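Numbering (the numbering used here), first residue to last: 9 to 154. Glycine included, C-beta positions come from ideal geometry on N, C-alpha and C. It should be emphasised that the depicted structure is a prediction, and the values quoted were computed from it without experimental measurement. Down below is the structure, laid out as structure tokens.
Structure representation (structure tokens):
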């Protein structure tokens, strides 16, 4: 009895020197040179589920997990959604001081306090200098000059 001619396969040959699995792949147009997916078997899928879940709980990104497992990022995120795991960002992706809406009082302070420099106004409001300058450009009143 001969074995399958595919290098990685050790099942008994059935047709054209191929086993049933490799022959089916050949008929479907799937390459027989590459091994089948490692997660096609239920036990392997359960093992991958445990590994992916542990990695995600440890705080790894979906991209890092997918690269380590050898699947596409969309596949890894779809699996996590199927398993009711949180797929979104692990923590807030923007810094606390990067953006927040302008309150009317803050605008009045930034525009009205001409006795303070722009950097002093920025420090008082907890915003960046560029943010204050943009606020001044957008809310410049008639007759005000910088």
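Do you know whose CA, among the options, lies nearest residue i's CA?
{"i": "residue 66", "options": "94, 30, 108", "result": "94"}
{"i": "residue 108", "options": "121, 134, 83", "result": "134"}
{"i": "residue 110", "options": "140, 31, 50, 82", "result": "140"}
{"i": "residue 77", "options": "88, 90, 59, 92", "result": "59"}
{"i": "residue 132", "options": "148, 115, 79, 80", "result": "115"}
{"i": "residue 53", "options": "31, 30, 79", "result": "79"}
{"i": "residue 2", "options": "123, 82, 144", "result": "Nothing about residue 2 can be reported from this structure: the residues present for the chain run from 9 to 154 only."}
List the endpoints of the continuous alpha helix (DSSP H) containing residue i.
{"i": "residue 94", "result": "Premise fails: residue 94 is in no alpha helix (DSSP H) and is neither H nor E."}
{"i": "residue 122", "result": "It is not in any alpha helix (DSSP H) - residue 122 carries neither H nor E in the DSSP assignment."}
{"i": "residue 65", "result": "50 to 65"}
{"i": "residue 139", "result": "137 to 146"}
{"i": "residue 76", "result": "70 to 77"}
Using the beta-carbon count (16 or more within 10 Å), is residue i buried or exposed?
{"i": "residue 127", "result": "exposed"}
{"i": "residue 129", "result": "buried"}
{"i": "residue 74", "result": "buried"}
{"i": "residue 84", "result": "buried"}
{"i": "residue 118", "result": "buried"}
{"i": "residue 28", "result": "exposed"}
{"i": "residue 62", "result": "exposed"}
{"i": "residue 33", "result": "buried"}
{"i": "residue 70", "result": "buried"}
{"i": "residue 138", "result": "exposed"}
With a cut-off of 8 Å on the beta carbons, I'd call residue i and residue j a contact; round off their distance for me.
{"i": "residue 88", "j": "residue 64", "result": "6 Å"}
{"i": "residue 57", "j": "residue 91", "result": "6 Å"}
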